[in-house]
Amino acid sequence: MDWILVAEQALNGLQFGLMLFLLAAGLTLVFGIMDMINLAHGSLYMVGAYLAAAVAAASGSFLLAVLAALVGTAAFGMLLEVTLLRRLYQRDHLSQVLATFALILMINEGTRMIWGSQPVMLNLPAALSGPVELLPGLYYPAYRLLIIGVGLAVALLLYLLVTRTRWGMWVRAGASNRAMATAMGVNIRWLFTAVFGFGAALCALAGSLLGPLLAVQVGMGESILILAFVVIVIGGIGSIRGALVGALLVGLVDTCSRTLLPALLRQLASPEVASNLGPALASILIYVLMAAVLFWKPQGLFPARG
């Protein structure tokens, strides 16, 4: 096992973890501030990917496609919050789970009616289709480097937005004490709508950036939603810092274990055993990590204060 393979898988894990952070950040804001379990969060990721693919096919511009996906998905998310999800805030979590699960089914069928059942292509930008030599002998796709850069920039921007701005102060106040924030003049209803739209835009950014690497297809949001929930459980519900750390941990563990674990097992067992046991162990390793974190820190690594 050479260092180039390890470095490539570490970069892949970093890239995947940062995209998970974009999903988990919006999900942990909605869950931590609104006390709302939104299973349809992954559907917004799918809507963003489809909007990006449609605009890219019509205009030929990947940048325009990403911007259109951000605006369109944010507007769609805010419309959902105003018309439907706002009615669920005072309901118990079981009602929220059932209602948002039904929303998943409706969005999936609506997407299938508009774009069909076959996967939709979202091509890489031509200028970023080649590799970049990071170190002698280490080549890495330029587009994946772009994803890493965008993910780090959004993480920094989100941190500054939550900790250094008046809007972030309102968000933290609403998460700590909703009644007191309302008494101090914060319009909690529209704050919730803005937070939900912002989370939807983060989903769209992840969907549009991952679209060229993964298949843009109906139901693509469900599998990644499970990982997003694992991330916020590990990091701590309502914590942006916890979402970032949890996403990086999950991304690195999931990506590296799928490639490196079978190679390590081949040193200890036959190739047949390693090829069968390696993927099985890799698929459950992140859940073992979640169980270990919950055993030692039941509230997550960085629980939100208040």
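Positions in the sequence shown are counted from 1; adding 166 to them yields the working numbering. All C-beta atoms, glycine included, are put in the ideal place defined by N, C-alpha and C.
Beta-carbon spacing of residue i, residue j below 8 Å
i: A413; j: A206; result: no
i: G373; j: A235; result: yes
i: G377; j: A220; result: no
i: L371; j: L180; result: no
i: I400; j: L467; result: yes
i: P297; j: P307; result: yes
i: M202; j: Q256; result: no
i: R338; j: I354; result: no
i: A321; j: L410; result: yes
i: G192; j: A366; result: yes
i: V416; j: G183; result: yes
i: M279; j: M386; result: no
i: W336; j: L357; result: yes
i: I398; j: F267; result: no
Distance between residue j and residue i (C-alpha atoms, nearest Å)
i: V439; j: D420; result: 20 Å
i: N204; j: L327; result: 23 Å
i: E247; j: A347; result: 20 Å
i: G472; j: G404; result: For G472, the predicted model reports a pLDDT of 48, less than 50, meaning its position is unreliable and no value from the coordinates is stated.
i: I488; j: M185; result: Beyond the ends of the chain as shown, which are 167 and 472, falls residue 488; an answer cannot be given.
i: M244; j: F362; result: 6 Å
i: L188; j: C369; result: 6 Å
i: M272; j: L304; result: 45 Å
i: A457; j: P464; result: 9 Å
i: G208; j: G402; result: 19 Å
i: S423; j: S225; result: 39 Å
i: L323; j: R330; result: 10 Å
i: P445; j: T425; result: 8 Å
i: V396; j: A435; result: 31 Å
i: L427; j: A240; result: 39 Å
i: L482; j: L431; result: Coverage of the chain is limited to positions 167 through 472, which leaves residue 482 absent and any answer about it impossible.
i: L195; j: P437; result: 45 Å
i: L171; j: V454; result: 24 Å
i: F242; j: W169; result: 45 Å
i: L210; j: G238; result: 10 Å
i: Q175; j: W462; result: 28 Å
i: L251; j: I452; result: 30 Å
i: Y309; j: I450; result: 29 Å
i: F364; j: Q433; result: 47 Å
i: E388; j: A394; result: 10 Å
i: H259; j: A349; result: 26 Å
i: L269; j: A360; result: 20 Å
i: A448; j: T277; result: 32 Å
DSSP beta-bridge partners of residue i
i: Y388; result: Before going on, a small fix: residue 388 reads as Glu here, not Tyr. According to DSSP, which records beta bridges pairwise, E388 is partnered with nothing at all.
i: P297; result: P307
i: V382; result: V286
Top-ranked residue by Cα proximity to residue i, from the options
i: G282; options: F362, N274, V454; result: N274
i: I406; options: I199, D168, T239; result: I199
i: A293; options: L193, F228, S441, G385; result: F228
i: N289; options: T249, Y453, V382; result: V382
i: Y479; options: L443, R252, L375; result: Residue 479 is absent from the model: the chain starts at 167 and stops at 472.
i: A222; options: V286, A360, L443; result: V286
i: V384; options: G334, A231, G214; result: G214
i: L177; options: H259, G315, L254; result: G315
i: S295; options: I270, G276, R253, L379; result: L379
i: A173; options: Q284, T249, P302; result: P302
i: A470; options: G408, L460, A448, A429; result: G408
Neighbour flag for residue i against chain D, beta carbons, 8 Å
i: L250; result: Considering every chain present, this structure includes no chain D. It has just one protein chain.
- Starting from the N-terminal side, write out each stretch of the alpha helix (DSSP H) that is 4 residues or longer and does not extend beyond the segment 233-289. 259-281
- Only counting runs of 4 or more residues, tell me where the alpha helix (DSSP H) segments fall wholly within the segment 314-381, in order along the chain. 332-342, 344-349, 354-376
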